[in-house]
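Some notes on the structure that comes next.
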Amino acid sequence: MQNFLRVGLVIGYISLILLSKTELILQYKEGIIEKREERVWSVFNDAIDKFRFYSVSSGGYTEFSNGKIIDETSEIFIVIEPDTSEKEILTYLERNISKSDLKHYNIHIEHK
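Using our numbering, the letters of the sequence shown correspond one by one to residues 42 to 153.
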């Protein structure tokens, strides 16, 4: 009987360690995502003034499983004035946002 209790305690302890480790990994990855969003939106804030965006919105989600990102979708929607160049905006964003950050976003631009 005592052996069963010991085994149960060991299994419980190992489970707690694994859950704690998974939680730490999730917090770390969420921190990385938050920093990426800060970098990207700092460029967008500059672009809003430079190119006179009519509106900017975003949406998306990040899905985690066992401490790993299994799906990450971020969409950015930009509405611009009719006389603003879509190509110029995309070039600006590509020059000012690293490729490793930019690959996490789908950018949609349309004229007002």
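Here a beta-carbon is modelled for each residue, glycine too, at the ideal position from N, C-alpha and C.
Can you tell which of the options has its C-alpha closest to the C-alpha of residue i?
i: I130; options: G101, E116, H145, D90; result: D90
i: I74; options: N137, L143, I150, D87; result: L143
If you drop the 5 nearest sequence neighbours on each side, which residues of the same chain put their C-beta closer than 7 Å to that of residue i?
i: S96; result: V120
i: K153; result: Y95, V120, I121, E122, P123
i: T125; result: F92, R93
Is the distance from the Cβ of residue i to the Cβ of residue j below 9 Å?
i: A98; j: I117; result: Going by the sequence as given, residue 98 is Ser instead of Ala. Contact flag set, yes.
i: E71; j: R93; result: no
Mind reading off the beta-carbon distance from residue i to residue j? Whole number of angstroms is fine, and I expect it under 8 Å.
i: Y146; j: V81; result: 7 Å
i: E127; j: I150; result: 5 Å
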